[in-house]
Every structure is written in C-alpha cells, then in structure tokens.
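One structure is given below, encoded as structure tokens.
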Amino acid sequence: MAKSLKIAVLFSGRGSNLENLIRHFHKKRFDDNLTEIVPITNRPDAGGIKLALRYGLESIVIDHKKFDTREDFDAALVKKIKTISPDLVVMAGFMRILTPVFTSQIKAINLHPSLLPLFKGANAIEESFESGMKVGGVSVHYVTSELDSGEIIDQVCVKIEPGDTLQSFTEKIHRAEYSLLPKTVAELLGLRFNF
Ligand code: GAR
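FYI, the numbering for the sequence shown is 651 to 845, going by the numbering used here.
In structure tokens, the structure reads:
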C-alpha cells in the first residue's frame, strides 16, 4: 500500500507558491508515496485560500489577530500542526515572525526571495534589485526564531540584467521560486522526481 506523506504549507497572501506546491504534490504519486498538501494561513482574507479551493482544498485559518500575544498564536499553530502530524512543514509567503514556542517544537523550512544572508525581511526583492548587485536569488532555509536566519538548504541565483525593471526581476524571482521550492521539498522527503 502507498505511504501517505503530508506537507503542511503555511501562507499569508497571494499563495502562488502554495498553488505551485499543490500542482506538484497534491494527491501525486512518487513510487510508493502518495503526497498531500494541507494549506494553513494566518489571514482569513489571504488570496491563497481561493486558489486552494480551486483544487478542492479547504485551508485551515488561524487568525493571528484573535490572539493577544505572538506566543499564544504560535501555541495554537503548533497544536494544529501536531494534530495534522505532517511529514514536512513549508512556509511559502508566511509573513510571521515566529517565537521559540513554535521553533522549539516544529521543524519547518522557509522560502525567501533573496540570496541569504543578504536582504532579510519583507522587502527582499526590491532591496536586491536596488543593491547594485548583478545577481539576486532565492533561498530555502530552516526556520529559527531569528528572521530569515536559519541554516540554508538550497539557493539559486537570478541575474539582474541591464534591461530589467523591478517588475521583470520580480517575475524572474517567482519563476526561480516555482522551481527551487518543489525540488527542495522533494529532496527533503526523499522523493524521486523529474521536475
Ligand atoms: C514569495 O516571493 C516568498 O519568497 C516571499 O513572499 C512571497 C509570497 O508569494 N516570502 C518572504 O518574503 C519571506 N520573508 P506567494 O504568496 O505568491 O507565494
């Protein structure tokens, strides 16, 4: 019988990386493994909720505004993740700083749109583009309670070419994300993949 592997995907906004992960992994077979995505968001208005519904996937919503402290929100998130018992927890556009309540209990990976350790934080694409560097990039790293600072798992470079605008560079970054994140997820789960 096929072994079922659950991938919890945490998101806060548009959800294009969530959708990409759904396309690659939701109800997909890799040899004897059947993968499944469980979407989780901290924002009841996140665009990704509607995207996931197109694939028949209901998102779990834990609204951070309903909690008095970061720690209380993190505790609720940890409790939910533990009931799901996923094989991998992936943050794809999950815009929350996490406390040790979360990071001491859950091993998770995060996607970040820069060549870490450069350009941490919420404006990484713009800061990379305006840095004067000839390359930006995308990183996947382990999550710690220090923002965008855990051990780097994998990275790719994205060239900043003379004709690039912030918009064209942003599109290139997203294309790089749509390739790097699924590959990293598959590798971490030990799946044989050909994408
Ligand atoms: C992605 O570019 C991701 O790398 C970034 O948010 C975007 C989410 O887009 N994450 C961070 O900046 C984390 N510091 P999406 O909602 O369309 O997947």
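Every residue gets a Cβ at the ideal spot worked out from N, C-alpha and C, and that includes glycine.
{"query": "V751 and E721 closer than 9 Å at C-beta", "result": "yes"}
{"query": "Close-in-space but distant-in-sequence residues of the same chain around I731 (CB under 7 Å, 5 per side omitted)", "result": "A658, V739, I756"}
{"query": "Stretch-stretch touch, CB-based, cutoff 8 Å, three pairs: the stretch 827 to 840 with the stretch 807 to 815", "result": "no"}
{"query": "Enclosing alpha helix (DSSP H) for F752 [first to last residue]", "result": "750 to 753"}
{"query": "Near the ligand GAR: H762 beta-carbon under 8 Å from a heavy atom", "result": "yes"}
{"query": "F845, buried or exposed, once every other Cβ within 10 Å from all chains shown has been counted against 16", "result": "exposed"}
{"query": "Cα-Cα separation between R842 and V790, rounded to whole angstroms", "result": "19 Å"}
{"query": "Beta-carbon spacing of I690, L655 below 9 Å", "result": "no"}
{"query": "With 16 other Cβ atoms within 10 Å as the buried cut-off, status of L703", "result": "exposed"}
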